[in-house]
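Engineer:
There are 2 protein chains.
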Amino acid sequence: MSQNEMCPRFEKAVNILSQRWTALLIYQMLDGNSRFGEIQSATGVSGKVLSDRLKSMEQEGLINREVIPETPVVIKYTLTEKGHSLEPVLKDIEKWSQSWIAPDNKVEA
Amino acid sequence: MSQNEMCPRFEKAVNILSQRWTALLIYQMLDGNSRFGEIQSATGVSGKVLSDRLKSMEQEGLINREVIPETPVVIKYTLTEKGHSLEPVLKDIEKWSQSWIAPDNKVEA
DNA sequence: CCTATTTGGTAACTTTATGTAACTAAGTAT
DNA sequence: ATACTTAGTTACATAAAGTTACCAAATAGG
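Protein sequences, first through last, are from chains X and F.
1 is the number of the first residue of the first sequence in the working numbering; add one for each residue after it.
1001 is the number of the first residue of the second sequence in the working numbering; add one for each residue after it.
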């Protein structure tokens, strides 16, 4: 336990973005992927965690969930304005990675 | 398992930043905090995890560890150029949080 | 010498988060 | 009825994080 003197809004933002997968999921949605299965196979996240993350991102107001009663059913996840507003942050991370991470870095860890 | 088609450098960067505490630790160091105890009490991270993170951040080339043989011993952690280069990313997150996170948000979760 | 204090940790154990694999539900076509 | 597809959930296993107690070095006080 300690006295956190950091801005609680900043901490909240960091907590959101440092939840495993969340940044990658938003990145995928920025990239046009909107369906459960698309996002899952693009990222490799497990169905269980994807389901959890989508729920908490929805509660956080980052995404919307839309049910399209086609057959079979299609669920479309789209970024809200708030979610979309994270684009510059992710692009910054991308830019940083291109300057500072070696190109042949395997993610095997 | 899945076929990740994202840029592996971007993924690596996201993995670094989405490790719990890492972003907050860098933020503290940008703010001038350099000692184990300072960083620990400023953030609230446990000694065990702080120790782990500092090691992996050092291996990642983000920080340097300097032993100053005063009494009692002082260990000084400072950002490398690579570590410091994350400042714009963190400032972007901070800016985002000020626009999109409610001010009275308690971190109690 | 013996004890206490301070910094920067480590070790053992508990709790929480994530991963895996199998299963469910709705809708439809065969 | 059976099978197929999407979008999940459930039960169980493993990994990561938190908690608390302890260790090591260096020194100061008694």
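Every residue gets a Cβ at the ideal spot worked out from N, C-alpha and C, and that includes glycine.
Would you please verify whether the beta carbon of GLN98 (chain X) is less than 8 Å from any beta carbon of chain F?
Structural biologist: yes
Engineer: Classify VAL73 (chain X): buried if its beta carbon has 16 or more other beta carbons within 10 angstroms, exposed otherwise.
Structural biologist: exposed
Engineer: Taking the alpha-carbon of LEU1090 (chain F) as reference, which of F:ILE1068, F:ILE1026, F:THR1080, F:VAL1045 has the nearest alpha-carbon?
Structural biologist: F:ILE1026
Engineer: Give me, in chain order, the residues of the same chain whose beta-carbon lies closer than 7 Å to that of LEU1024 (chain F); leave out the 5 immediate sequence neighbours on both sides.
Structural biologist: THR1043
Engineer: Taking only the alpha-carbon atoms, compute the straight-line gap between GLU94 (chain X) and LYS1012 (chain F) and give it to the nearest angstrom.
Structural biologist: 10 Å
Engineer: Which whole-angstrom value describes the C-beta separation of PRO1069 (chain F) and ARG9 (chain X), a residue pair presumed to lie in contact below a C-beta threshold of 8 Å?
Structural biologist: At roughly 40 Å, the Cβ-Cβ gap does not stay under 8 Å, so PRO1069 (chain F) and ARG9 (chain X) are not in contact.
Engineer: Counting only C-beta atoms, is ILE68 (chain X) closer than 8 Å to chain F at any point?
Structural biologist: no
Engineer: By the 7 Å beta-carbon criterion, what residues does the region 1048-1079 of chain F contribute toward chain X?
Structural biologist: From the region 1048-1079 of chain F, no residue has a Cβ closer than 7 Å to chain X.
Engineer: Under a three-way DSSP split, which group does ARG1035 (chain F) fall into?
Structural biologist: strand
Engineer: Have a look at SER2 (chain X) and GLY1061 (chain F) and give me their C-alpha separation to the nearest angstrom.
Structural biologist: Residue confidence for SER2 (chain X) is low, a pLDDT of 42 falling below 50, so the modelled location carries little weight and cannot support an answer.
Engineer: Just how far apart, CA to CA, sit CYS111 (chain X) and THR71 (chain X)?
Structural biologist: Residue 111 (chain X) lies beyond the residue range present for chain X, which begins at 1 and ends at 109; the question has no answer from this structure.
Engineer: For a contact defined as C-beta to C-beta under 9 Å, what are the partners of PHE36 (chain X) on chain F?
Structural biologist: The contacting residues do not exist; PHE36 (chain X) stays about 13 Å from chain F at best.
Engineer: Going by the CB atoms, is the gap between GLN19 (chain X) and SER1051 (chain F) shorter than 8 Å?
Structural biologist: no
Engineer: Tell me whether the beta-carbon of GLY1032 (chain F) lies closer than 8 Å to the beta-carbon of GLN1040 (chain F).
Structural biologist: no
Engineer: Taking all protein chains shown into account, decide if GLY83 (chain X) is buried (16 or more other Cβ within 10 angstroms of its Cβ) or exposed.
Structural biologist: buried
Engineer: Under the DSSP definition of a beta bridge, which residues are partnered with VAL67 (chain X)?
Structural biologist: X:ILE75
Engineer: When you compare only the Cα positions, how much space is there between LYS55 (chain X) and TYR77 (chain X)?
Structural biologist: 11 Å
Engineer: Does the distance from the C-beta atom of TRP1100 (chain F) to that of ARG1053 (chain F) stay below 8 Å?
Structural biologist: no
Engineer: Starting from the C-beta of ILE1057 (chain F), find all residues in its chain whose C-beta is less than 6 Å away, skip the five residues before and the five after it, and write them out in chain order.
Structural biologist: A small fix is needed here, since residue 1057 (chain F) is Met in this sequence, not Ile. Excluding positions up to five away in sequence, the list reads ILE1063.
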